[in-house]
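Residue numbers (the working numbering): 198 to 326.
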């Protein structure tokens with residue numbers, strides 16, 4: 198839900214038409230179009246197989262997400278909010294095997310520090326856990 202709120206804020210800042218400029222709506226429509234396309238082109242068996250694959254992929258992603266953030270906490274500030282996310286709030290794994298299996302997780306901390314930075318320009322940061 199946070200992604201929807203962030204996208205809404207971007208839309209308001211840009212003063213664009215809500216539907217046309219909202220990437221979350223387009224991503225959601227694309228997902229359902231993909232489901233419909235799989236069913237239409239390949240039939241019910243492929244549709245069910247695709248859904249099983251989607252659930253499996255989600256579980257793998259959630260597991261990787263858990264591992265990349267396990268045990269790292271942000272400090273609670275006096276005003277009740279938490280400190281801003283920075284490079285110490287996610288694990289880096291610069292080992293070659295980890296990079297092959299976990300899709301360049303060595304750049305994970307820089308992604309947290311600079312969320313809109315293109316993947317190709319992310320850096321490996323030695324200060325990260």
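Heads up, the beta-carbon is just placed ideally off N, CA and C, and yes, glycines get one too.
Proximity of residue i and residue j at Cβ, strictly below 7 Å
i, j, result
"residue 289", "residue 325", "yes"
"residue 310", "residue 283", "yes"
Inter-residue CB distance, residue i and residue j (contact presumed, cutoff 8 Å)
i, j, result
"residue 286", "residue 269", "5 Å"
"residue 200", "residue 231", "With 8 Å as the limit, residue 200 and residue 231 do not qualify as a contact, their Cβ atoms being about 18 Å apart."
"residue 280", "residue 272", "5 Å"
Among the options, nearest to residue i - alpha-carbon criterion
i, options, result
"residue 291", "256, 245, 322", "322"
"residue 257", "207, 316, 298", "298"
"residue 229", "315, 309, 251", "251"
"residue 317", "309, 310, 304", "304"
"residue 308", "266, 207, 243, 204", "266"
According to DSSP, residues forming a beta bridge with residue i
i, result
"residue 273", "279"
Would you be able to state if there are at least three C-beta pairs under 8 Å between the stretch 260-268 and the stretch 231-238? no
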